[in-house]
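Undergrad:
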Amino acid sequence: MDALILLGSFIALILIGMPVAYALGLSALIGAWWIDIPFQALMIQVAGGVNKFSLMAIPFFVLAGAIMAEGGMSRRLVAFAGVLVGFVRGGLSLVNIMASTFFGAISGSSVADTASVGSVLIPEMERRGYPREFATAVTVSGSVQALLTPPSHNSVLYSLAAGGTVSIASLFMAGVVPGLLMSACLMVLCLIFAKKRNYPKGEVIPLKQALKICADALWGLMAMVIILGGILSGIFTATESAAIAVLWAFFVTMFIYRDYKWNELPKLMHRTVRTISIVMILIAFAASFGYIMTLMQIPAKITTMFLTLSDNRYVILMCINVMLLMLGTVMDMAPLILILTPILMPVILDIGVDPVQFGMIMLVNLGIGLITPPVGAVLFVGSAVGRVSIESTVKSLLPFYGVLFLVLLAVTYIPALSLWLPALVL
Numbered sequence: 155m156d157a158l159i160l161l162g163s164f165i166a167l168i169l170i171g172m173p174v175a176y177a178l179g180l181s182a183l184i185g186a187w188w189i190d191i192p193f194q195a196l197m198i199q200v201a202g203g204v205n206k207f208s209l210m211a212i213p214f215f216v217l218a219g220a221i222m223a224e225g226g227m228s229r230r231l232v233a234f235a236g237v238l239v240g241f242v243r244g245g246l247s248l249v250n251i252m253a254s255t256f257f258g259a260i261s262g263s264s265v266a267d268t269a270s271v272g273s274v275l276i277p278e279m280e281r282r283g284y285p286r287e288f289a290t291a292v293t294v295s296g297s298v299q300a301l302l303t304p305p306s307h308n309s310v311l312y313s314l315a316a317g318g319t320v321s322i323a324s325l326f327m328a329g330v331v332p333g334l335l336m337s338a339c340l341m342v343l344c345l346i347f348a349k350k351r352n353y354p355k356g357e358v359i360p361l362k363q364a365l366k367i368c369a370d371a372l373w374g375l376m377a378m379v380i381i382l383g384g385i386l387s388g389i390f391t392a393t394e395s396a397a398i399a400v401l402w403a404f405f406v407t408m409f410i411y412r413d414y415k416w417n418e419l420p421k422l423m424h425r426t427v428r429t430i431s432i433v434m435i436l437i438a439f440a441a442s443f444g445y446i447m448t449l450m451q452i453p454a455k456i457t458t459m460f461l462t463l464s465d466n467r468y469v470i471l472m473c474i475n476v477m478l479l480m481l482g483t484v485m486d487m488a489p490l491i492l493i494l495t496p497i498l499m500p501v502i503l504d505i506g507v508d509p510v511q512f513g514m515i516m517l518v519n520l521g522i523g524l525i526t527p528p529v530g531a532v533l534f535v536g537s538a539v540g541r542v543s544i545e546s547t548v549k550s551l552l553p554f555y556g557v558l559f560l561v562l563l564a565v566t567y568i569p570a571l572s573l574w575l576p577a578l579v580l
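For the sequence shown, the positions run 155 to 580 when this note's numbering is used.
1) Could you compute how far the alpha carbon of residue 447 sits from the alpha carbon of residue 520?
2) Considering only C-alpha positions, which residue in the set 422, 487, 496 and 437 is nearest to residue 449?
3) Would you identify the three-state DSSP class for residue 243, choosing helix, strand or coil?
4) When burial is assigned at 16 or more other CB atoms within 10 Å of the CB, is residue 281 buried or exposed?
5) Please report the Cβ distance between residue 220 and residue 432, rounded to the nearest whole angstrom; I am assuming they are in contact, meaning their Cβ atoms lie under 8 Å.
6) Between residue 214 and residue 399, which are expected to be in contact by the criterion C-beta below 8 Å, what is the C-beta distance as a whole number of angstroms?
7) Using only the alpha-carbon positions, how far apart do residue 171 and residue 411 sit?
8) What residue from 437, 295 and 325 has the CA that sits closest to residue 306's CA?
9) Rounded to the nearest angstrom, what separates residue 345 and residue 372 at their Cα positions?
10) Please return the same chain residues whose Cβ sits closer than 6 Å to the Cβ of residue 292, not counting the five positions on each side in sequence.
11) Expressed to the nearest angstrom, what Euclidean distance is found between the alpha-carbon atoms of residue 376 and residue 369?
12) At 4 residues or longer, what runs of the alpha helix (DSSP H) sit wholly inside the stretch 477-556?
13) In the DSSP assignment, what residue or residues form a beta bridge with residue 455?
14) Using 8 Å as the threshold, is the stretch 437-445 in touch with the stretch 486-501, meaning 3 or more CB pairs across them?
15) Please confirm whether residue 536 and residue 216 have their CB atoms less than 8 Å apart.
16) Hey, how far is the Cα of residue 353 from the Cα of residue 245?
17) On the three-state DSSP scale, how would you describe residue 421?
18) Assuming residue 351 and residue 542 make a contact with CB atoms under 8 Å, what is their CB distance in whole Å?
19) Determine the contact status of residue 298 and residue 212, defining contact as a CB-CB distance below 8 Å.
20) Assuming residue 264 contacts residue 532 under a Cβ cut-off of 8 Å, what Cβ separation, rounded to an integer in Å, is found between them?
21) Roughly how many whole angstroms lie between the Cα atoms of residue 169 and residue 155?
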């Protein structure tokens, strides 16, 4: 009955249109009243939920990504990707995927990735003879890997939701191989389409121009080196690397590229603060919601439920994947990570799955949800940028969904994909 009151009130509030963050907080209050817990204890959890040093990484990474997205970084990374793969048949679609890979490793955001790369490449792909729906589908699907590769904001959220038992550095390293695998598989699919549909072949860029493009993009690519190199060398933590990334992004944008006007910085800061305030409210109320769930022993009950379904870890993982995919299509990623991680952590520990690997499983599942209707934030952004209907984009995305599902199965059932690199370098 306790679980019905807590989860039922949360679902009811969502259905009447209340924002997820406030639905979490209000349903936690209802749950506390039901089990007779003082509201003061709940407020302590709300305050404690955001009083964590590691959380400072999120606003810094969001700000760094915003500065780079609006400061000409995406255009230079697209040009750099064009030097590497733009000369093959269907090369512009490969450029799209590769540019998303580069930009995702700097911004850590699928939405920023789609908006930045898409605004440059979707019109260009259409001009070169690619269907606009296909160009939009390539952009949207390619942005999913930004959730895996460092500096992924969602990896920070997962570490927080796991109670700090999983290090952010381990999650950053764990996402590199799955992210690159996803990009490679999507590029293979684009090559197959290019040959089958006879998409145009790009031109080889002259050496002198190519060197200039590479030198121009190098300043932005250095952000990846600074973030990962600093963490791996032990010079600074993942949180400190986020602050360094902001300084570097500001320096490159305002003093090297100089494409961004100084009078536009206050507006960018305002947008960033609005985004971060929403995330922090969500984290605070999710902490109180998780506290009530623990008191009601909901995680333990769900663990028992999964273990009664089967004693086979592969079957349980498949059931979890199906659940995550379904929930990911109707709810945003951040609240799902904060709600589901404490619930599912006992389950995956009981069946012997490493929490780092499970973080990657969760991110891939919920990343697919972001590009799937009815509530796919990245899908909506991509369709808006590409100026095509949701229906047309989804139809073009169908083969890309198949590739993403294959990557999901690989990440789920081949632990080494996620665990090899952290074990090697950390």
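Glycine is no exception: its CB is placed at the ideal position from the N, C-alpha and C atoms. As the structure is a prediction and not an experimental result, all values here were calculated from the model.
TA: According to the structure shown:
1) For the purposes of this step, residue 447 is taken as the residue at position 293 of the sequence shown. For the purposes of this step, residue 520 is taken as the residue at position 366 of the sequence shown. The alpha-carbon atoms of residue 447 and residue 520 are separated by roughly 22 Å.
2) Residue numbering aside, residue 449 sits at position 295 when the sequence shown is read from its first letter. Nearest C-alpha to residue 449: 496.
3) For this step, residue 243 is matched to residue 89 along the sequence shown. Of the three classes helix, strand and coil, the one that applies to residue 243 here is strand, per DSSP.
4) Mapped onto the sequence shown, residue 281 falls at position 127. So residue 281 counts as exposed.
5) Within the sequence shown, the letter at position 66 stands for residue 220. Within the sequence shown, the letter at position 278 stands for residue 432. In fact, because the Cβ distance is near 14 Å, the residues do not count as touching under 8 Å.
6) Sequence index remark: in the sequence shown, residue 214 carries index 60 (1-based). Sequence index remark: in the sequence shown, residue 399 carries index 245 (1-based). That pair is a contact at about 7 Å.
7) Counting from one through the sequence shown, the residue named residue 171 turns up at place 17. Counting from one through the sequence shown, the residue named residue 411 turns up at place 257. Looking at the two C-alpha atoms, the distance is approximately 43 Å.
8) Position 152 of the sequence shown holds residue 306. Looking at the Cα atoms, 325 is the closest of the given residues.
9) Along the sequence shown, one-based indexing puts residue 345 at 191. Along the sequence shown, one-based indexing puts residue 372 at 218. Separation of residue 345 and residue 372 (C-alpha to C-alpha, rounded to the nearest whole angstrom) is 27 Å.
10) In the sequence shown, the residue the question calls residue 292 occupies position 138. These residues qualify, in order along the chain: 247 and 250.
11) Your numbering for residue 376 matches position 222 in the sequence shown. Your numbering for residue 369 matches position 215 in the sequence shown. Annotation: residue 376 to residue 369 spans about 11 Å, alpha carbon to alpha carbon.
12) 487-504, 509-524 and 531-540
13) Along the sequence shown, one-based indexing puts residue 455 at 301. DSSP, once it has assigned bridges, lists no residue as partnering residue 455.
14) yes
15) Locating residue 536 in the sequence shown gives position 382, where the first residue counts as 1. Locating residue 216 in the sequence shown gives position 62, where the first residue counts as 1. No, the pair does not count as a contact, with Cβ atoms beyond the cut-off.
16) Here the question's residue 353 lines up with position 199 in the sequence shown. Here the question's residue 245 lines up with position 91 in the sequence shown. One C-alpha to the other measures close to 9 Å.
17) For the purposes of this step, residue 421 is taken as residue 267 along the sequence shown, with counting starting at 1. Correct three-state label for residue 421: helix.
18) As a position in the sequence shown, residue 351 is number 197, starting the count at 1. As a position in the sequence shown, residue 542 is number 388, starting the count at 1. Not a contact, Cβ separation roughly 17 Å.
19) For this step, residue 298 is matched to residue 144 along the sequence shown. For this step, residue 212 is matched to residue 58 along the sequence shown. In this structure, residue 212 does not lie closer than 8 Å to residue 298 by Cβ.
20) Walking along the sequence shown from the start, residue 264 turns up at place 110. Walking along the sequence shown from the start, residue 532 turns up at place 378. That pair is a contact at about 5 Å.
21) Against the sequence shown, residue 169 aligns to sequence position 15. Against the sequence shown, residue 155 aligns to sequence position 1. The straight-line gap from Cα to Cα measures roughly 20 Å.
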